[in-house]
Amino acid sequence: MKIIELKETITASNDRDAQELREELLRSGTLLINLMASPGAGKTTLLDRTIRDIGSRYKIGIIEADIDSDVDARALSALGVSAVQAHTDGMCHMDAGMTRTALEELTYDDKDLIFLENVGNLICPAEFDTGAGRNVMILSVPEGDDKPLKYPLMFTKSDVLLITKTDAVSIFDFDFDKCEERVRKLNPDILIFRVCAKNGKGMDAWEEWLEEQAGSWGK
Amino acid sequence: MHEMGIVIHLAKTLDDFAKENHVTKIGSVTLSVGEVSGIVTDLFTDAWRYFSGKHPILEGSELRMEIIPAVTYCDGCQKTYGTVAHGRICPYCGSGETWLVKGNELIIKEISAETDDPAAVTDNK
Ligand SMILES: Nc1nc2c(ncn2[C@@H]2O[C@H](COP(=O)(O)OP(=O)(O)OP(=O)(O)O)[C@@H](O)[C@H]2O)c(=O)[nH]1
Ligand SMILES: [Mg+2]
Ligand SMILES: [Zn+2]
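Respectively, the protein sequence lines represent chains L and D. Residue 0 is where the first sequence starts when you use numbering that gives the first Met the number 0, and the numbers rise one by one after that. Residue 0 is where the second sequence starts when you use numbering that gives the first Met the number 0, and the numbers rise one by one after that.
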């Protein structure tokens with residue numbers, strides 16, 4: 000036997016699958032948005048509001064990865080978008096293979112925009128590239144402004160950070176400037192939007208960004 | 000479960016590597032695992048034993064893990080310290096503005112393998 004040096008990350012095969020999937024999605028003009036957050040951060044509420052605001056202009060699909068529950072998928076299909084429940088087999092994240100299976104079940108070449116509501120936690124989903132065109136992370140005000148210090152990887156992997164539940168700031172001592180400074184130290188290029196999906200405040204800037212991305216993806 | 004998810008990808012990454020590099024059998028796999036990468040090594044070994052049995056190339060192979068110590072940097076006093084001993088609060092100045100600089104890695108360092116094409120890979124040792 001000989002010793003062969005690899006120096007590869009353990010998830011290298013997933014990274015390759017993800018890149019392949021991303022290229023296919025680019026060819027079909029389908030922008031896949033990977034939404035990552037803690038349980039209860041407000042992912043479903045944010046999607047609901049976003050789809051009500053701009054949904055009529057796009058063919059939208061939703062993949063729900065919540066472990067063993069199709070409550071969110073049913074709530075969102077009530078808005079008239081197609082939604083599927085991904086089968087994560089109890090896994091704490093979605094990987095490129097699971098995402099592909101869910102996309103095929105949903106059918107993606109006829110969609111403009113697909114949201115993947117990843118499994119709720121701030122660690123594992125950040126380690127696995129799903130093949131999404133853009134990674135969006137949600138941090139809600141009640142979770143605290145110290146999360147970038149505790150869970151740095153997800154902040155470095157995200158293109159956009161949505162700070163949600165801004166209406167609750169008077170109850171929780173969340174320091175927006177401090178939080179953003181910490182995030183930018185990890186990821187200078189990240190875009191940060193402060194939004195409230197309940198009263199709609201700040202949603203326009205996020206939706207404008209989303210429409211820009213959907214418009215230029217694969218064109 | 001986190002370990003199982005990682006093991007599945009590890010096995011697949013090794014399988015891909017084997018196919019591309021004329022590897023017919025893998026005898027051992029050495030990983031560099033960060034101290035705070037979140038991997039429970041016992042669970043990982045169990046998951047490996049179960050899962051490697053499903054890939055003929057990996058069957059019976061030995062899994063070795065080298066731990067990379069975790070190091071945290073403090074913004075307050077610009078010093079570094081051991082993460083596991085002191086956590087997120089700097090032991091020198093008490094600041095909580097601290098960042099992990101090392102210890103989150105999950106890398107396949109090397110494998111020992113049999114190949115059917117002697118020219119395909121370089122002999123390192
Ligand atoms: N005050 C306030 N509450 C919100 C906001 N967005 C969501 N919530 C509430 O937060 C709770 C969780 O919201 P969801 O949208 O279900 O969160 P989620 O991230 O989809 O949750 P899981 O899928 O269960 O992980 C609900 O009670 C929402 O009404 C907001 O902007 N402001
Ligand atoms: Mg939800
Ligand atoms: Zn210090």
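C-beta atoms are modelled at their ideal positions from N, C-alpha and C, and glycine is treated no differently. Predicted model, so just to flag it, every value in this text is computed and none were measured.
Membership of E65 of chain D in the beta strand (DSSP E) is indicated by the continuous run 61 to 67. By the criterion of a C-beta distance shorter than 8 Å, E126 of chain L is surrounded in its chain by T10, H92, L152, once the five residues flanking it on both sides are discounted. Residues of chain D with a Cβ closer than 9 Å to the Cβ of P151 of chain L are, in chain order, W98, L99, N103.
Note that the segment 113 to 131 of chain L does not touch the segment 16 to 28 of chain D; fewer than 3 beta-carbon pairs, one per stretch, sit closer than 8 Å. Set against 7 Å, the gap from the CB of P124 of chain L to the closest heavy atom of ligand 1 is not smaller.
When beta bridges are read from the DSSP output, R133 of chain L appears opposite L:I32.
At a threshold of 7 Å, K164 of chain L counts as near ligand 1, since its beta carbon sits closer than that to one of the ligand's heavy atoms. Residues are counted here when their Cβ sits less than 8 Å from a Cβ of chain D; for the segment 80 to 100 of chain L these are G89, M90, C91, H92, D94, given in chain order. The straight-line gap separating the alpha-carbon atoms of I137 of chain L and C195 of chain L is approximately 11 Å. Partner residues in the beta bridge of S81 of chain L, as assigned by DSSP, are L:G60. Excluding sequence positions up to five before and after L34 of chain L, its CB lies within less than 7 Å of the CB of K42, F114, L115, E116, N117, V135, I137, all in the same chain and listed in chain order. For I170 of chain L, the number of other beta carbons within 10 angstroms of its own is below 16, and it is reported as exposed. Between A69 of chain D and G102 of chain D, the C-beta gap is smaller than 8 Å, which places the two residues in contact. Counted as a single uninterrupted DSSP element, the beta strand (DSSP E) harbouring S31 of chain D occupies residues 22 to 33. Beta bridge pairing from DSSP links I189 of chain L with no other residue. By the C-beta density criterion, Y91 of chain D is exposed, having fewer than 16 other C-beta atoms within 10 angstroms. Within the chosen limit of 7 Å, ligand 2 reaches the beta carbon of E116 of chain L through at least one heavy atom.
For T82 of chain D, the shortest separation between its Cβ and any heavy atom of ligand 1 does not lie below 7 Å. Nearest C-alpha to T97 of chain D among D:T114, D:M64, D:T79: D:T79. Taking E34 of chain D as the centre and dropping the five residues before and after it, the same chain places the C-beta of I66, I67, P68, A69, T82, V83, G102 closer than 8 Å to its C-beta, in chain order. Of the heavy atoms belonging to ligand 1, at least one sits nearer than 7 Å to the Cβ of K197 of chain L. For T98 of chain L, the three-state secondary structure derived from DSSP is helix. Shortest gap from the CB of K146 of chain L to any heavy atom of ligand 1: 7 Å or more.
Taking the beta carbon of A11 of chain L as reference, the chain D residues within 7 Å of it are T12, listed in sequence order. T87 of chain L has its CB no nearer than 7 Å to any heavy atom of ligand 2. DSSP, read as helix, strand or coil, puts I7 of chain D in helix. Only residues of its own chain outside the window of five on either side were considered, and among them V32 have a CB closer than 6 Å to the CB of I38 of chain D, listed in chain order. When DSSP assignments are scanned along the segment 66 to 95 of chain D, the uninterrupted stretches of alpha helix (DSSP H) that are 4 or more residues long and fall wholly within it turn out to be 82 to 85.
Taking 8 Å as the cut-off, the Cβ atoms of E2 of chain D and L57 of chain D do not count as close. The beta carbon of S51 of chain D sits closer than 7 Å to the beta carbons of A10, L57, E58, S60 from its chain, once the five residues preceding and following it are set aside; these are given in chain order. By the Cβ-count criterion, D188 of chain L is exposed, with fewer than 16 other Cβ atoms from all chains shown falling within 10 Å of its own Cβ.
Here the segment 2 to 20 of chain L makes no contact with the segment 43 to 53 of chain L; the two share fewer than three CB pairs at distances below 8 Å.
When secondary structure is reduced to three states using DSSP, K177 of chain L falls in the helix class. In the structure shown, W208 of chain L adopts helical secondary structure according to DSSP, grouped into three states.
A direct Cα-to-Cα measurement between R51 of chain L and E180 of chain L gives close to 32 Å. In this structure, I59 of chain L keeps its C-beta atom at 8 Å or more from the C-beta atom of I110 of chain D.
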